[in-house]
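Asker:
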Amino acid sequence: KLLYKLKGYPEDWIEKRMLGITVRGKLTDEWQKRGAQVERDFEILTAEISQATFGLKPNEHKKLKGLKRENLRDHMDNLELVLTMLGETTTTELHRTNDSKGVPRLKDDARVGGQIAGSARKQIERKLGRSIVSKNNFLLNKPKELK
1 KLLYKLKGYP
11 EDWIEKRMLG
21 ITVRGKLTDE
31 WQKRGAQVER
41 DFEILTAEIS
51 QATFGLKPNE
61 HKKLKGLKRE
71 NLRDHMDNLE
81 LVLTMLGETT
91 TTELHRTNDS
101 KGVPRLKDDA
111 RVGGQIAGSA
121 RKQIERKLGR
131 SIVSKNNFLL
141 NKPKELK
């Protein structure tokens with residue numbers, strides 16, 4: 001939390017980011033308990049949620065935002081963070097409700113959790129009249145251009 005403060009992130013964004021870290025931790029705990037063991041399993045499941053939520057896999061989302069090694073979530077705006085949490089929280093609850101075990105079943109739940117968040121994203125976009133997913137990112141410490 002202190003690191004984000006030092007980087008100049010606003011308090012409301014930091015709170016969402018901290019909650020997102022907690023949500024993600026619960027999801028990865030569920031994945032481990034239910035049969036996802038190797039890093040590649042986590043990548044596949046994460047990509048499934050992201051694709052269904054945003055229409056992009058994490059590497060595509062990073063590329064859109066012009067990121068290389070940076071953490072994608074540190075460059076998401078408030079709506080992107082909230083939708084990511086919605087997809088991941090829904091997926092966690094689906095795993096528990098369905099008592100899903102093994103990567104194929106976890107992947108099915110991840111797709112559905114992401115689709116629910118994706119549906120919310122599309123509704124928000126219709127009301128706002130713009131896309132939530134954009135090349136804009138939450139970089140706060142960009143050097144100012146001199147005129």
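For the record, in the sequence shown the residue sitting at position 56 is 56 according to the numbering used here, with numbers rising by one throughout. In this text, a Cβ means the ideal position worked out from N, Cα and C, and glycines have one as well. This one's a predicted model, so the numbers in the text were calculated from it and none came from an experiment.
1. Nearest by alpha-carbon distance to T89: which of S50, L72 and D77 is it?
2. Helix, strand or coil: which one does DSSP assign to M18?
3. Tell me, to the nearest whole angstrom, how far the beta carbon of A120 is from that of L86; I am working on the premise that it is less than 8 Å.
4. Is it the case that the Cβ atoms of I21 and L79 are separated by a distance below 9 Å?
5. Touching or not, the region 110 to 128 and the region 68 to 75, by the rule of three or more beta carbon pairs under 8 Å?
6. Excluding the 5 residues preceding and the 5 following H61 in the sequence, name in chain order all residues of the same chain whose CB lies nearer than 8 Å to its CB.
7. Rank Q37, K1 and P104 by C-alpha distance to the C-alpha of R17 and give the top, closest one.
8. Please give me, in chain order, every unbroken run of the alpha helix (DSSP H) with length at least 4 that falls completely inside the region 32 to 84.
Answerer: Quick answer:
1. S50
2. helix
3. 6 Å
4. no
5. no
6. S50, F54, L72 and V133
7. K1
8. 39 to 54 and 58 to 64
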